[in-house]
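Residue numbers for the sequence shown follow full-length UniProt numbering, so the first one is 1 and each next one is one higher. Yeah, the Cβ is synthetic: ideal placement off N, Cα and C, and Gly gets one too. What follows is a single structure, written as structure tokens, with notes after it.
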Amino acid sequence: METRELRYFVAVAEELHFGRAATRLGMAQPPLSRAIRQLERRLGVTLLDRTSRAVSLTAAGSVLLREARAALDAVDAAGRRTRRAALAASGEPGLVLVMKAGTSGELLPRLLDAYAAEPDAVTVEVLLCGIGEQERLLRDGRADVALLHRPFDSASGFDSEELRTEQQVAVLPVGHPLAGRAELRVAEVAALADLPLPRWPRHDGSYPEGPGPQVRDHAQLYQLIALGRAVAVLPESCRVHLRDDLTTVPVTDAPAVTTVIAWPPQSRSRALAALVRTATRLSYGDAGHPAPEPGLVPV
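Written out as structure tokens, the structure reads:
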């Protein structure tokens, strides 16, 4: 299969309309239809059920849509990483680190300061993203390294090192009846009628979600909590930059959150290896353990 054919198929499968897909691709509809039929003949399967009124995916088409997206993402990522490697070889700036806006508290400044002190440090561009976007940006090559938070984020398919584990807290408006409690449980937070849990952009059941407003980032979430429109259960490091009109209460039965630094397994960047070693050294120091010997951090 050619990447051109896969792009054609993904457009049709997402639009479920040959006319709209042709417009999206900037081509006429007849050659698009012929290309899809040729792809079906080559694979020996029917990818799309077509009637005079509608287009729908078959079971085989659904599988190809998922695999084609992954393949096209990999091709695009290969191009981006190749261009970034050429820039690095020419002496132009270095690493792109992606993280959720409003997370990791004091960890990121400490990491950047410690890495900048390394003799061969390169410039680190920090890319702040919305909730659940770091994995995609790392997978598609727009970032070299990411700070992820399990169980919220998946590090599957990446190499990674654990940096720290922390408990979670409920974030409440100052003055709320529960704000004075010494501790809470997840069920108590979820049962709040006046402060619903928010809906997240991507939800896999690894953390509580409720009927409240959908949130894009932590700045929006904190604003909604301050207005009395939502409550949230977040890692305790959120206290570092918490607004004055918000407070926190420990949630004793919420799952612990582990911050990891993650990168593509095929990376051979010396600058990235140095950044990972710096992050690991800081995490070992915070835990009171000696740092690993040089070369033991896999990059």
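Check whether residue i and residue j have beta carbons under 9 Å apart
i	j	result
Leu-234	Val-171	yes
Gly-94	Ala-273	no
Tyr-115	Ala-279	yes
Val-249	Arg-181	yes
Gly-141	Gly-79	yes
Arg-239	Val-169	yes
Pro-173	Ile-225	yes
Pro-264	Phe-158	yes
Ala-230	Ala-101	no
Thr-247	Leu-184	no
Leu-47	Tyr-8	no
Leu-72	Ala-13	no
Ala-77	Leu-6	no
Ala-143	Val-98	yes
Glu-161	Ala-256	no
Leu-192	Ala-232	no
Same chain, Cβ closer than 6 Å to residue i, neighbours up to 5 away in sequence not counted
i	result
Arg-150	Thr-258
Leu-25	Ala-11
Gly-130	Arg-216, Asp-217
Arg-20	none
Val-96	Glu-125, Leu-127, Ala-143, Asp-144
Same chain, Cβ closer than 7 Å to residue i, neighbours up to 5 away in sequence not counted
i	result
Glu-2	none
Counterpart residues of residue i in DSSP-defined beta bridges
i	result
Arg-139	Per DSSP, none; premise fails for Arg-139.
Met-1	Beta-bridge pairing links Met-1 to no other residue.
Thr-58	In the DSSP output, where bridge partners are listed per residue, Thr-58 has none listed.
Glu-161	Ile-261
Glu-166	Val-257
His-149	Thr-259
Leu-246	Pro-173
Leu-97	Val-126, Val-145
Val-251	Leu-184
Burial state of residue i (16 or more Cβ within 10 Å)
i	result
Ser-56	exposed
Asp-245	exposed
Ala-117	exposed
Leu-43	exposed
His-241	exposed
Gly-205	Any reading at Gly-205 is ruled out, since the residue's pLDDT is 49, under 50, leaving its predicted position unreliable.
Gln-134	buried
Thr-51	exposed
Arg-41	exposed
Arg-34	exposed
Gly-212	buried
Ser-156	exposed
Leu-16	exposed
Proximity test, residue i beta-carbon vs the ligand SAH heavy atom, cut-off 8 Å
i	result
Leu-275	Among the components of this structure there are no ligands whatsoever, and the ligand SAH is therefore not found.
8 Å CB neighbourhood of residue i in its chain, flanking five on each side removed
i	result
Glu-92	Residue confidence is low: Glu-92 scores 49 on pLDDT, short of 50, so the model does not pin down where it sits. No coordinate-derived value is stated.
Val-186	Pro-208, Val-233, Val-251, Asp-253, Ala-254
Leu-112	Val-124, Val-126
request  = Note down, one range per segment and in chain order, each alpha helix (DSSP H) of at least 4 residues found wholly within the stretch 185-242.
outcome  = 186-190, 218-226, all fully within the stretch 185-242.
inquiry  = List, from N- to C-terminal side, the beta strand (DSSP E) runs of 3 residues or more that fit wholly inside the stretch 111-137.
reply    = With a minimum length of 3 residues, the unbroken runs of beta strand (DSSP E) contained wholly in the stretch 111-137 fall at 124-129.
message = As an exercise, report each continuous alpha helix (DSSP H) stretch of at least 4 residues that is fully enclosed by the stretch 12-50, in chain order.
response = The alpha helix (DSSP H) runs lying completely inside the stretch 12-50 and spanning 4 residues or more are 18-25, 29-43, given in chain order.
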